[in-house]
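Visitor:
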Amino acid sequence: MDILAVTFDWSFITENGDELLAGLRRTLEVSAIAIAGAFVIGLVLGAARAHRVPVVSQLAAVYVEIIRNTPILVQIFFLFFGLPQIGIILEPFTVAWLAVTIWGGAFNTENFRAGFEAVPHRFREAGFALGFGRLTTFLNVTLPIGGRIALPSSINTYISVVKNTSLMYVISYPELTTTALNINALTLQTVETFTTLAVSYLVIVWTMSASIRVVERRLALPEDAR
Amino acid sequence: MSFLPDWAEPVLRYMLEVGLRGTLQIAAISLAGSLLIGVPLGTLLTIKFMPSRALIRLYIEVWRGLPVLVTLFLVFFLLPSLNPRLEFDALISASIALTLWGSAQVAEATRGAVQSIPKEQHEAASALGFGWIGRHVFVILPQALRRLLPPLVSLLVNIIQTSTIAQVIGAPELLESAERQVERLAAPPPIGIGEIKAFPIYATVMVIFFCISFPLTRLAAYLERRLA
Amino acid sequence: MRRLMLVIASTALAGVALATWGGIASAREAGPTVALAAAQAKLPPLPAEVQERKRWNIAVKCDTPPFGYIGARSQHAGFDVEIARWFSRFAFGKSNRVTFTCVTTPAREPALTTGRVDLVIATFTYNVDRDTRIDFSRGYYKGTGRLLVPNNSSIRSIADLGGKTVATTSGSIYDRWVKNCFKDTKLIVTDSFTNAVIALRDGRADTLMWDDTAVLGIAVTDRNYKLTSDLFLPGPYGIGIKQGNTPMKAWVDSRLNLMKKRDMFFPILKNTVPPAQVGPFSKNILRPNQTFAYNQVDPTTVCP
Chain A
165 MDILAVTFDW SFITENGDEL LAGLRRTLEV SAIAIAGAFV IGLVLGAARA
215 HRVPVVSQLA AVYVEIIRNT PILVQIFFLF FGLPQIGIIL EPFTVAWLAV
265 TIWGGAFNTE NFRAGFEAVP HRFREAGFAL GFGRLTTFLN VTLPIGGRIA
315 LPSSINTYIS VVKNTSLMYV ISYPELTTTA LNINALTLQT VETFTTLAVS
365 YLVIVWTMSA SIRVVERRLA LPEDAR
Chain B
419 MSFLPDWAEP VLRYMLEVGL RGTLQIAAIS LAGSLLIGVP LGTLLTIKFM
469 PSRALIRLYI EVWRGLPVLV TLFLVFFLLP SLNPRLEFDA LISASIALTL
519 WGSAQVAEAT RGAVQSIPKE QHEAASALGF GWIGRHVFVI LPQALRRLLP
569 PLVSLLVNII QTSTIAQVIG APELLESAER QVERLAAPPP IGIGEIKAFP
619 IYATVMVIFF CISFPLTRLA AYLERRLA
Chain C
46 MRRLMLVIAS TALAGVALAT WGGIASAREA GPTVALAAAQ AKLPPLPAEV
96 QERKRWNIAV KCDTPPFGYI GARSQHAGFD VEIARWFSRF AFGKSNRVTF
146 TCVTTPAREP ALTTGRVDLV IATFTYNVDR DTRIDFSRGY YKGTGRLLVP
196 NNSSIRSIAD LGGKTVATTS GSIYDRWVKN CFKDTKLIVT DSFTNAVIAL
246 RDGRADTLMW DDTAVLGIAV TDRNYKLTSD LFLPGPYGIG IKQGNTPMKA
296 WVDSRLNLMK KRDMFFPILK NTVPPAQVGP FSKNILRPNQ TFAYNQVDPT
346 TVCP
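Okay, structure coming up:
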């Protein structure tokens with residue numbers, strides 16, 4: 165292992181800790197906004213898709229296909245470098261949360277659509293038989309069951325949202341990755357910078373994936389909890 | 419191409435000849451690398467031997483857990499500082515980063531596919547005198563491949579799209595080729611036209627990616643349905 | 046399994062096929078072969094590795110007009126690129142004996158240390174720190190720091206930066222200098238010059254601090270912005286050479302001196318820079334009676 169003999173200078177953490185924490189805070193901030201936004205978009209458009217609400221369903225399908233079939237990095241370029249040309253100037257922070265929200269919303273629409281469509285038809289019929297209207301049936305039957313089915317895949321989307329905030333490096337929004345790279349450009353402490361950066365992301369991502377298992381267990385449908 | 423403005427033709431030509439070529443190159447290398455590493459790792463993961471499983475798990479969780487951009491930085495900036503021989507040009511660095519990430523995806527998918535093959539197939543193959551390797555190579559994996567095909571097509575779409583991160587380190591792929599042309603056009607004549615053309619150029623990049631990805635996602639969905 | 050192998054083999058094959066597709070897009074200009082042999086008679090010989098390869102490998106920028114960019118015919122073009130073409134003429138009598146590699150700012154040093162290229166001609170500002178890891182030729186272009194401000198700005202010089210926000214690129218000499226010397230000035234550092242310009246245009250920054258060549262381009266094309274009159278942090282660009290390759294440095298320095306003596310940088314400038322910029326740029330190039338040298342102290346530690 166001689167070729168990989170490296171030392172980690174711990175003063176890197178004490179000297180740059182504040183700046184890195186500020187970057188981490190922005191990463192979490194942007195992620196939180198995007199996750200909330202993606203949740204709402206996914207819920208509404210997913211329901212519209214699953215229940216084939218006219219017009220909304222078709223528009224949602226177009227939105228989902230465009231976002232899923234183009235790279236998010238190009239979407240960010242388009243928002244930040246392309247839109248100003250037609251007079252729409254967005255701050256880096258706005259582009260940061262907007263880009264991942266739009267992206268997460270598209271994937272979440274598919275997650276929720278699949279979840280809602282997985283709810284057996286007879287359950288909804290039971291709701292109608294009880295005299296529930298369409299909305300009440302959705303809120304009391306389809307949402308609780310379909311939402312739980314969609315939960316693991318939607319958390320996976322949220323994890324991807326967090327990871328994708330790193331792409332804001334290209335618009336120089338000072339989230340965690342940009343901050344780390346800026347520090348590296350000045351200190352040239354490559355080993356320290358990138359180790360810290362990688363470990364930070366793994367901690368966030370692994371915590372979130374562990375939460376899938378916990379949430380899955382707690383919110384499991386009674387019939388699955390055998 | 420008379421319907422295009424004068425500035426567009428050279429831009430488009432460069433994007434297709436240099437950019438698209440680079441994108442497909444990165445994607446092809448990364449897909450091949452992901453399969454070469456991911457399929458054996460995924461198969462080995464089905465062996466109930468704790469140390470090997472723990473190691474492969476760690477590999478999968480690390481490369482799936484890190485943002486691919488961060489992996490790319492590790493390959494491009496960190497590796498050379500550990501050892502100067504571990505230094506690769508931008509295009510190869512991007513391919514390595516995508517291979518690490520892609521192989522983790524393939525390994526996980528392969529494990530699932532291999533485990534979905536009924537136990538009887540293993541037993542029958544053993545009865546025919548196959549050892550572990552022969553059993554997997556000639557009996558199990560060919561069957562698992564059928565299940566693996568839809569996720570592999572999705573992975574290809576993902577790899578093609580994610581290859582755009584190579585732009586960050588200046589590898590000649592589609593987005594980078596577009597960015598170079600935007601920069602040139604923004605310069606005053608005679609270099610460029612002194613105008614920012616980011617909107618139509620990045621919109622074109624989106625259209626090109628859409629034209630590649632859309633048929634492939636359809637194909638993946640079709641393969642998935644056929645399997646069900 | 047055979048299908049799997051087929052998939053792997055065919056994608057690998059596709060990769061190889063793509064890799065060989067195309068080739069080198071070097072511009073073919075059939076100019077008159079200048080009698081360069083006589084002028085070079087007493088100058089140091091071409092390093093053996095380049096002689097054997099019969100070709101230069103040179104790293105240039107591809108998104109930084111007017112120094113290195115991709116032209117309308119997909120060809121490499123710009124001031125730095127033209128110097129590389131002259132090196133090809135000096136070495137082999139033809140301008141096309143050079144393979145260009147595109148580099149980004151952070152990739153310049155690695156391109157040399159790994160030996161991937163012979164030379165880096167890519168707006169490479171000399172500094173003492175870099176000089177410990179790679180070698181530099183003599184300076185061939187004098188970059189100077191300038192402030193780009195909106196026309197109605199209250200900033201008239203670097204003395205007015207207190208309490209203001211400055212945009213510049215991360216890791217640049219300006220980044221270090223402002224951090225060291227302007228404690229009550231806020232900094233927005235970006236990964237690219239383009240993003241720094243956007244920060245100024247959005248109003249997130251009050252001024253943009255960068256090399257005169259680049260900010261001048263903005264001031265020329267956009268009437269809403271102007272340059273303040275002060276010049277600071279002069280930082281000549283040098284050609285990057287692998288550390289310790291003395292024959293290479295001797296060859297490059299002698300040819301740069303030859304080009305200086307014969308005033309060859311000026312025609313290059315006229316051919317690569319928009320007409321309006323030729324005047325101001327001509328003060329920054331090597332000419333028979335015009336020269337400049339590197340700073341031997343780190344200028345970012347010297348506060349005004």
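Going down the list, the protein sequences come from chains A, B and C. Residues are numbered in my numbering as their position in the first sequence, beginning at 1, plus a constant of 164. Residues are numbered in my numbering as their position in the second sequence, beginning at 1, plus a constant of 418. Residues are numbered in my numbering as their position in the third sequence, beginning at 1, plus a constant of 45. The beta-carbon is built from N, C-alpha and C at its ideal position, and this holds for glycine as well.
1. Verify the CB distance criterion: does C/T336 have a CB-CB separation below 8 Å to chain A?
2. Can you pull out the residues from the segment 268–302 of chain C whose beta carbon lies closer than 8 Å to at least one beta carbon of chain B?
3. For B/Q539, which residues from the same chain have a beta carbon less than 8 Å from its beta carbon, with the 5 sequence-adjacent residues on both sides left out?
4. Which residue or residues does DSSP assign as beta-bridge partners of C/I233?
5. May I ask you to report which of helix, strand or coil DSSP gives C/N102?
6. Is the beta carbon of C/V105 less than 8 Å from the beta carbon of C/A129?
7. Quick check: C/T213 and C/A241, are their CB atoms within less than 8 Å of each other?
8. For A/H285, which three-state DSSP category applies?
9. Taking the alpha carbon of A/G206 as the reference point, which residue from A/V228, A/V238 and A/P218 has its own alpha carbon closest?
10. DSSP three-state call for C/Q341: helix, strand or coil?
11. Which of the three DSSP states, helix, strand or coil, is assigned to C/P77?
12. Can you check which of these residues, B/F495, B/W550 and B/S581, is closest to B/T464 by C-alpha distance?
13. Give me the chain A residues within the contact set of B/I583, using Cβ-Cβ distance strictly less than 8 Å, ordered along the chain.
14. Tell me which residues share the same chain as B/Y620 and place their Cβ nearer than 7 Å to its Cβ, disregarding the 5 neighbours each side in the sequence.
15. Taking C-beta to C-beta, are C/I233 and C/G280 nearer than 8 Å?
16. Using a Cβ-Cβ cut-off of 7 Å (strictly less than) and excluding sequence neighbours within five positions of C/A84, which residues of its own chain qualify?
17. State yes or no: is the C-beta of C/A244 nearer than 7 Å to some heavy atom of the ligand MG?
18. Would you call the CB atoms of C/F181 and C/G289 closer than 8 Å?
19. B/S511: buried (16+ other C-beta within 10 angstroms of its C-beta) or exposed?
20. Would you mind telling me which residues of chain C sit closer than 8 Å to A/L345, beta carbon to beta carbon, in chain order?
21. Could you tell me the boundaries of the beta strand (DSSP E) in which C/Y186 lies?
22. Can we say the segment 298–317 of chain A touches the segment 327–336 of chain A, given the rule of at least three CB pairs closer than 8 Å?
23. Please name the residue, chosen from A/A362, A/T351, A/L223 and A/I266, that lies closest to A/I240 on a Cα-to-Cα basis.
24. Would you call C/P77 buried or exposed, if buried means 16 or more other Cβ atoms sit within 10 Å of its Cβ?
25. Is the separation between the beta-carbon of A/N233 and that of B/S631 shorter than 8 Å?
26. Pick helix, strand or coil for C/G68, following the three-state DSSP scheme.
27. Within the continuous beta strand (DSSP E) that includes C/I115, where are the two ends?
28. If C/I179 and C/L157 are in contact, beta carbons under 8 Å, what's the gap, nearest whole angstrom?
29. Report the neighbours of A/I253 on chain E: residues whose CB is nearer than 7 Å to its CB, in chain order.
30. Can you pull the DSSP bridge partners for C/T252?
31. With a threshold of 8 Å between beta carbons, is A/A278 in contact with chain C?
32. Report, in whole angstroms, the separation of the C-beta atoms of A/G187 and A/E339, which I expect to be a contact under 8 Å.
33. Who are the Cβ neighbours of A/W261 in its own chain at under 6 Å, not counting the five residues just before and after it?
34. Please return the same chain residues whose Cβ sits closer than 8 Å to the Cβ of C/W101, not counting the five positions on each side in sequence.
35. Is the segment 359–370 of chain A in contact with the segment 273–282 of chain A, if contact means three or more CB pairs nearer than 8 Å?
36. Taking 8 Å as the threshold, find out whether the segment 631–640 of chain B comes into contact with the segment 437–445 of chain B through three or more Cβ pairs.
Guide: Working from what's here:
1. no
2. none
3. V557, I558 and Q561
4. C/A212
5. strand
6. yes
7. yes
8. helix
9. A/V228
10. Here C/Q341 sits in coil by DSSP.
11. Because the pLDDT at C/P77 is just 44, under 50, the model does not fix this residue reliably, and the value given afterwards should be weighed accordingly. Here C/P77 sits in coil by DSSP.
12. B/W550
13. L237 and L331
14. Hits under 7 Å: A596.
15. no
16. L303
17. Looking for the ligand MG in the displayed structure turns up nothing, as the structure carries no ligands at all.
18. No, these two residues do not count as a Cβ contact at 8 Å.
19. buried
20. Ordered by position in chain C, the residues that pass the 8 Å Cβ test against A/L345 are S215 and D236.
21. It spans Y186 to P195 - the beta strand (DSSP E) in which C/Y186 sits, taken as one unbroken run.
22. no
23. A/I266
24. Residue placement at C/P77 is poorly supported in this model, since its pLDDT is 44, which falls under 50; the coordinates still yield a value, given next. Exposed.
25. Closer than 8 Å, so yes.
26. Residue placement at C/G68 is poorly supported in this model, since its pLDDT is 39, which falls under 50; the coordinates still yield a value, given next. C/G68: coil per DSSP, three-state reduction.
27. DSSP places C/I115 inside the beta strand (DSSP E), whose first and last residues are G113 to I115.
28. 5 Å
29. No chain E appears in this structure, whose protein chains are A, B and C.
30. C/V211
31. no
32. With a Cβ gap of about 6 Å, A/G187 and A/E339 count as contacting.
33. V194, I197 and A198
34. V95, A129, F132, S133, A136, R142, V143, T144, D163 and L164
35. no
36. no
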